[in-house]
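Per the numbering used here, the sequence shown runs over residues 227 to 559. Quick reminder that beta carbons are idealized off the backbone N, C-alpha and C, glycines included.
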Amino acid sequence: MPKPTVHIIATGGSIAGVGPDRMDYIRYPEIGDHLTIDQNLDRVPEIAENFNVIAEDMVSVGSTAIGPANWIALAERIHAIDREEPDTAGVVITHGTATLEETAYFLHLTVKTQRPVVITGAMRPPTSISTDADLNLLDACRIAATPESAGMGVLTVLNNQIQCAREVYKHNTLRVETFKPNELGFLGYADSDHRVVFYRRPYRKHTTETPFRVDGMADLPRVDIVHAYAGADGMLIDAVRAHGSAGLVVAGFGAGTFPPTFIAAAEQAVAGGMPVVLASRSDAGRVVMTPRKDEQGFIVSDNLMPQKARLLLMLGLTVTNDRDALQQMFYEY
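Below you can see the structure in the form of structure tokens.
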């Protein structure tokens with residue numbers, strides 16, 4: 227049986243990080259050195275033994291330096307691979323863990339392919355004792371080459387756990403099991419018997435089912451996030467408005483409540499024509515629409531965390547400024 231072809235796009239991050247010694251798990255991002263993807267692959271000969279690999283270094287940075295221009299470039303590159311490489315089974319992206327969940331959700335909403343796209347990273351650099359970089363890269367290749375992964379949208383894998391890009395988030399600063407799927411559970415596992423096993427599929431629309439097309443764009447509409455806290459007033463919201471942002475996400479308490487002067491400033495933003503999404507600081511559960519929120523003109527985030535609500539609003543604003551249409555997107559994607 228011929229080996230499946232996997233195309234790997236490297237962007238840097240801890241999975242390619244170089245520390246000063248084998249006991250360093252902290253300082254390597256400040257040093258800033260990275261392995262190339264070929265050097266990463268040399269560490270894991272089992273990948274070449276089991277897959278035909280096409281590999282490229284798109285950028286080599288920590289993911290704190292990755293933003294909309296990089297997201298658009300990744301989407302465009304995936305589309306080019308889809309057009310030019312009919313025999314490629316799937317795409318793997320290596321990425322820093324700091325913003326991995328945001329890149330994953332952006333691509334989940336924008337790439338127009340049914341082929342698997344799998345994003346992975348690492349919490350411990352390749353130069354450290356007990357690095358997770360090697361197995362995560364191998365697992366990502368296994369998932370990208372698995373036919374059952376097709377049509378699932380963008381997937382992430384770290385620590386053997388396969389997760390949906392919409393739901394995954396980083397919940398721990400240092401542990402290798404840091405990525406969790408809020409309350410909804412893993413999609414499956416790249417397991418220890420070398421099988422890729424799925425137990426559920428994403429339900430919300432993604433990839434080819436969305437209206438978002440970013441090829442050729444230079445940037446996205448600016449959307450900012452302001453977190454509420456006890457005693458918060460409207461100063462930061464007013465600053466966002468003064469800066470000319472296209473939209474705003476406010477992260478409140480529990481199911482979407484806010485200090486009085488804070489929410490009053492958000493109402494003024496809506497009155498001035500700015501779309502404002504109400505999200506929650508909590509890492510699980512929905513922010514639901516109420517008659518009062520509807521009357522005030524707000525959009526609710528459903529169960530999207532603030533950083534992902536921001537992404538959906540940014541993309542939504544490339545299609546429409548209509549509040550009801552934007553709200554429907556939060557119910558569908």
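- Scanning T357, A391, P342, E393 for the CA closest to the CA of R368 turns up P342.
- For H233, the beta-bridge partners assigned by DSSP are I280, V317.
- In the three-state scheme derived from DSSP, where H, G and I count as helix and E and B as strand, Y395 is classed as strand.
- By DSSP's assignment, C390 forms a beta bridge with L381.
- Between A510 and V475, the gap from beta carbon to beta carbon reaches 8 Å or more.
- It is roughly 10 Å from the alpha-carbon of V337 to the alpha-carbon of D308.
- Membership of A477 in any alpha helix (DSSP H) is not indicated; the residue belongs instead to the beta strand (DSSP E) covering 473-478.
- For Y429, the secondary structure class from DSSP, reduced to helix, strand or coil, is coil.
- For N398, the number of other beta carbons within 10 angstroms of its own is below 16, and it is reported as exposed.
- Residue burial is scored here from C-beta neighbours: G480 has fewer than 16 other C-beta atoms within 10 angstroms and is therefore classed as exposed.
- A Cβ-Cβ separation of about 15 Å leaves E374 out of contact with F412 under the 8 Å criterion.
- H321 sits close to G239, with the two beta carbons spaced by under 8 Å.
- Judged by DSSP secondary structure, H469 falls within the alpha helix (DSSP H) whose first and last residues are 461-469.
- Around the beta-carbon of E558, fewer than 16 other beta-carbon atoms lie within 10 Å, marking it exposed.
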